[in-house]
Amino acid sequence: MSGAEQTDDYKWTLGVRYIQGQIDRATLRTTITYRPVPRLSLGIEYNPLASDVNPLVNWLAVKETERRPALILGTSSDRIGTPSGQAYYATVSKNLKPWTKLPIAPYVGAAYGTFNEKIRAIAGGNIAFTEHVSSLLIYDGVNFHPTVSWSQGRHVLTLLLVELKSPGLAYTISFDPPSRSTPAQRRPSEPFTRPGWPR
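Start counting the sequence shown at -11; every next residue gets the next number (the working numbering).
Printed below as a string of structure tokens:
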């Protein structure tokens, strides 16, 4: 999760993630999401090793401005390490580069997980090292998960260290279905992070 908005022009995103040394639900995760409008993403998460299916929603309820942070609301599967459950989250995030001259975008928020039936404080931030390389630091209310991502066009490859001990790898590709019309020129996609991601 960061202060960055989703800026690519593609409506569909397909993702797959593998984490070593985790329970079945977290080991292998696949997702498909669709953006009907620029600030709303809807999708499905399928964890095949646990035969687990969960809805995904990510809504940029309030856009970030020069002085105002962004507000993001959403839902996905509960945090890594839970065998079942859904999480509902709200976060505020702000890109601090205009003020600090540093490429950082922290976030804070809260998530309610149905597995433990508790509200957790969550936090983290995104650090943009270059145009294509960034790091998302995630605290999900229980554990810390650092990640490093490389993006090129509509592709994003991410290395994870879940709970600071379990290595993982994630890949996403954004696309639009073929159409008869000539496609418009597209801007390079940027990683769009979510509170508590990766779950």
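Where is the CB? At the ideal position from N, CA and C, for every residue including glycine.
(request) For H143, write down the residues that DSSP places opposite it in a beta bridge. (result) According to DSSP, which records beta bridges pairwise, H143 is partnered with Q140 and I161.
(message) Using only CA atoms, which one of V136, D128 and R108 lies nearest to V121?
(response) Per the Cα distances, V136.
(message) Quick check: P91 and K82, are their CB atoms within less than 8 Å of each other?
(response) Between P91 and K82, the gap from beta carbon to beta carbon reaches 8 Å or more.
(request) Give the secondary structure of R13 by DSSP, where H, G and I count as helix, E and B as strand, and everything else as coil. (result) Helix, per DSSP.
(message) Please tell me whether L124 and G141 are closer than 8 Å, where the distance is taken between their beta carbons.
(response) Not a contact, by the Cβ cut-off of 8 Å.
(message) Looking at Y22: is its Cβ nearer than 8 Å to the Cβ of W0?
(response) In contact: Y22 and W0 (Cβ atoms closer than 8 Å).
(message) Just verifying my parser: in three-state terms, what is the DSSP assignment at L37?
(response) Shown here, L37 sits in a helix according to DSSP, grouped into three states.
(message) On the DSSP bridge list, what partners appear for P134?
(response) In DSSP, P134 forms a bridge with L125.
(request) Reducing DSSP to helix, strand and coil, say where P24 ends up. (result) P24 falls in the strand class under three-state DSSP.
(message) On a Cα-Cα basis, can you pick out the residue from E52, G97, V144 and I110 that is closest to E119?
(response) Checking every option, the nearest Cα to that of E119 belongs to V144.
(message) Please state the DSSP three-state secondary structure of K85.
(response) DSSP places K85 in helix when its eight states are reduced to three.
(message) Please give the ranges of any alpha helix (DSSP H) in the stretch 50 to 117, keeping only runs that are unbroken, at least 4 residues long and fully inside the region.
(response) Runs of the alpha helix (DSSP H) lying entirely within the stretch 50 to 117, each at least 4 residues long, are 85 to 88 in chain order.
(message) Strictly by DSSP, which residues pair up with S167?
(response) DSSP lists no partner for S167.
(request) Give the secondary structure of Y6 by DSSP, where H, G and I count as helix, E and B as strand, and everything else as coil. (result) Residue state for Y6 is assigned as strand, using DSSP reduced to three classes.
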